[in-house]
Amino acid sequence: VIKGQKGTNARKSEKPSIVASRIVTIDEIREKFIKRIELHLPVEMLTERLILDIKEILDNHPGKTDFYVMVKDYEETLPLKSDAGVEISKELIDSFVKLTGKDAVKIGGKDI
Numbered sequence: 004v005i006k007g008q009k010g011t012n013a014r015k016s017e018k019p020s021i022v023a024s025r026i027v028t029i030d031e032i033r034e035k036f037i038k039r040i041e042l043h044l045p046v047e048m049l050t051e052r053l054i055l056d057i058k059e060i061l062d063n064h065p066g067k068t069d070f071y072v073m074v075k076d077y078e079e080t081l082p083l084k085s086d087a088g089v090e091i092s093k094e095l096i097d098s099f100v101k102l103t104g105k106d107a108v109k110i111g112g113k114d115i
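Going letter by letter, the sequence shown gives residues 4 to 115 in this note's numbering.
Laid out in structure tokens, this is it:
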């Protein structure tokens, strides 16, 4: 991500230009702006096998980002926060999408 401004260069011509004042890496964005990842799952989807698969994914991606399983039943959603944090990466997200489906995975509470 590049932060800056656009304008014209008064010395050379009136052609528009972009001047970057800061370049932010994807890793920096992940670290500073993504505070949590959530799996939104209906209670009937939670099986022992799924729980073990989620745990294995968490074990393979340790980090500082909060991880929640949002268990939905007919009346409410129960947030379950993991004691272990995760490191957000494309591999982590792809693993959860493959396991639970794209609609279940949310980053910072937003759809991916």
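Each residue gets a CB set at the ideal place from its N, CA and C atoms; glycine is no exception. Every value quoted in this text rests on a predicted model; they were computed, and no experiment measured them.
Can you have a look at Ser98 and say buried or exposed, based on whether 16 or more other CB atoms are within 10 angstroms of its CB? It counts as buried.
Specify whether the segment 17-28 and the segment 78-91 touch according to this definition: at least 3 beta carbon pairs, one from each stretch, less than 8 Å apart. no
With the cut-off set at 8 Å, would you say Thr68 and Ile40 are in Cβ contact? yes
Leaving out the 5 sequence neighbours to the left and right, which residues in its chain are closer than 7 Å to Ile37 when beta-carbon positions are compared? Thr68, Ile91, Ile110 and Gly111
Kindly indicate which three-state DSSP category Ile90 falls into: helix, strand or coil? One point to set straight first is that residue 90 is Glu, not Ile, in the sequence displayed. If DSSP states are grouped into helix, strand and coil, Glu90 belongs with coil.
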